[in-house]
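Notes for the one structure printed next.
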Amino acid sequence: MEKQTIEQLESTASQVRRDILRMVHAVQSGHPGASLGCTEFFVALYFNQLNHDPNFKMEGKGEDLFFLSNGHISPVWYSVLSRSGYFAPEEMDTFRKLNSRLQGHPATEEGLPGIRIASGSLGQGMSVAIGAAQAKKIDGDDSTVYVLMGDGEQEEGQVWEAAMYAAHWKVDNLIATIDLNRQQIDGPTKEIMDLIDLRAKYESFGWEVIDTLQGNDMKSVVEGLEKAKSLSRKGKPVVNLLHTEMGFGVDFMVGTHKWHGIAPSDEQLANALGQLPETIGDF
Numbered sequence: 001m002e003k004q005t006i007e008q009l010e011s012t013a014s015q016v017r018r019d020i021l022r023m024v025h026a027v028q029s030g031h032p033g034a035s036l037g038c039t040e041f042f043v044a045l046y047f048n049q050l051n052h053d054p055n056f057k058m059e060g061k062g063e064d065l066f067f068l069s070n071g072h073i074s075p076v077w078y079s080v081l082s083r084s085g086y087f088a089p090e091e092m093d094t095f096r097k098l099n100s101r102l103q104g105h106p107a108t109e110e111g112l113p114g115i116r117i118a119s120g121s122l123g124q125g126m127s128v129a130i131g132a133a134q135a136k137k138i139d140g141d142d143s144t145v146y147v148l149m150g151d152g153e154q155e156e157g158q159v160w161e162a163a164m165y166a167a168h169w170k171v172d173n174l175i176a177t178i179d180l181n182r183q184q185i186d187g188p189t190k191e192i193m194d195l196i197d198l199r200a201k202y203e204s205f206g207w208e209v210i211d212t213l214q215g216n217d218m219k220s221v222v223e224g225l226e227k228a229k230s231l232s233r234k235g236k237p238v239v240n241l242l243h244t245e246m247g248f249g250v251d252f253m254v255g256t257h258k259w260h261g262i263a264p265s266d267e268q269l270a271n272a273l274g275q276l277p278e279t280i281g282d283f
């Protein structure tokens, strides 16, 4: 796939945000907040950085692989997969409906192209990504494995066992990203379980750490992904601390946990869509 320019990426991101809101609104179910906040990351990854083939093959030989650990933000992933050619955009109209391939949390049983693991049980994604990255090394495959986690997810013990393992075994073809939006389902992470200093934690576990301080600025996100890639394959796994705002792009959703798992009303949807130009075409 040809890399999009920053301007093209920003245009795609506007459409992806429309997709997210329309999917969640249609069934009055889903997770719009962090999906909106992570839109720049997904768009930059799939349309600018990731070496991937929409003619999906589960084994992914010769391709970069992406695993979503915080699977509840499936709307943004489904939109990006569809818009990059994995399945027809019209299928987004089946989101969270009976017999749909677009389940609330991504799963493999339905055979949706682009999905390699069932996710949503928080804390497990990095372990899977590490296994895939080690398999790439065994196969002599120079591709990179990416995984996205939430910041609230860092409260899971399995994350830290995986972090220790990856550094010990020098899994340096792995790039983890943490969506650092400072919110989780019940409130701000600082109040629920303070993460304190994630940089210091990961560095003490033997990781290379970078900060993308403007995680909702497309140019900054692309530069962060490029920097992470430049630091990979040097003996350490890499983690990208992506500072985002939950609900970014919609003024009444920004910066609050209240839109973690709440769908907009008809009036709220109309308001939100009025802030986001239709660029590629609604499904």
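First residue of the sequence shown? That's 1 in the UniProt record's numbering, and the numbers climb one at a time after it.
Where a beta carbon is used, it is the ideal one built from N, C-alpha and C, also for glycine.
At the C-beta level, Lys229 and Ile175 come within 8 Å of one another. Beta-bridge partners assigned by DSSP to Gln154: none are found.
Taken atom to atom, the span from the alpha-carbon of Gly274 to that of Glu161 is near 45 Å.
The continuous alpha helix (DSSP H) containing Asn271 extends over residues Asp266 to Leu273. Around Arg18, the same chain offers Leu273, Leu276, Glu278 and Asp282 as residues with beta carbons nearer than 7 Å, after the five sequence neighbours per side are excluded.
Following the DSSP letters along the chain, one finds Leu9 inside the alpha helix (DSSP H) bounded by residues Ile6 to Val27. Rounded to the nearest angstrom, the gap between the Cα atoms of Ala13 and Phe56 is 23 Å. By alpha-carbon distance to Ala107, the top candidate from Ser119, Lys97 and Arg96 is Ser119. Rounded to whole angstroms, the Cβ separation of Leu9 and Asn48 is 6 Å, and the two are in contact under 8 Å. One thing to note: Gly33 has its Cβ within 8 Å of the Cβ of His260. In summary, Ala88 is exposed, with fewer than 16 beta-carbon neighbours lying within 10 Å of its beta-carbon over all protein chains present. Under the DSSP assignment, Phe67 falls in the beta strand (DSSP E) whose first and last residues are Leu65 to Leu68. Following the DSSP letters along the chain, one finds Leu242 inside the beta strand (DSSP E) bounded by residues Val238 to His243. Annotation: Ile262 is outside any beta strand (DSSP E) and is labelled neither H nor E by DSSP. Residues of the same chain with a CB within less than 7 Å of the CB of Ile73, apart from the 5 flanking positions on each side, are His31, Ala34, Ser35 and Cys38 in chain order. Ranked by how close their Cα comes to the Cα of Leu68, the residues His168, Asn51, Leu45 and Ser232 have Leu45 in first place.
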